[in-house]
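Below you'll find the structure, written out as structure tokens, and then a few comments.
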Amino acid sequence: MLGCLLEMKQENYGRETRVELKDPEQAKLLTNPESFRYFTPFLARDYTVSQAAKELGCHVDTMLYRVNAFLKADLLNVVGTEPRRGRPV
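With the first letter of the sequence shown counted as 1, position 36 gets the number 36 in my numbering; the numbers rise by one all the way through.
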């Protein structure tokens, strides 16, 4: 399962949360509307790649590609795995 990495500096303004990004790759991923669309299922929730893909109505491989980019940019982290036959979830 994947969860949102919340180690970035955050400031709360009422119901709105502001996050300060200093890494250009993180900023690029989160300011691109198409890329951010794939990030939204993980906001404040722990989801598997397949759960996120189902919510967005996209193919699991497409979601996995985006998740790997978010992991590489330290925007997501793996919070657990579920063992199964074949590749773990």
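Backbone N, C-alpha and C fix where the C-beta goes; we use that ideal spot for every residue, glycine too.
Original post:
Does the count of Cβ pairs from the stretch 70-79 and the stretch 25-44 closer than 8 Å reach three?
Top reply: yes
**OP:** Could you give the DSSP three-state label for residue 78: helix, strand or coil?
**Re:** strand
**OP:** Work out the CA separation of residue 43 and residue 53 for me, nearest whole Å.
**Re:** Straight-line Cα distance between these residues: approximately 14 Å.
Original post:
For residue 36, does the count of other Cβ atoms within 10 angstroms reach 16, so buried, or fall short, so exposed?
Top reply: exposed
**OP:** Identify, in the order they occur along the chain, each residue of the same chain with its Cβ nearer than 8 Å to the Cβ of residue 63, setting aside the five sequence neighbours on each side.
**Re:** 38, 49, 50, 52, 53, 56
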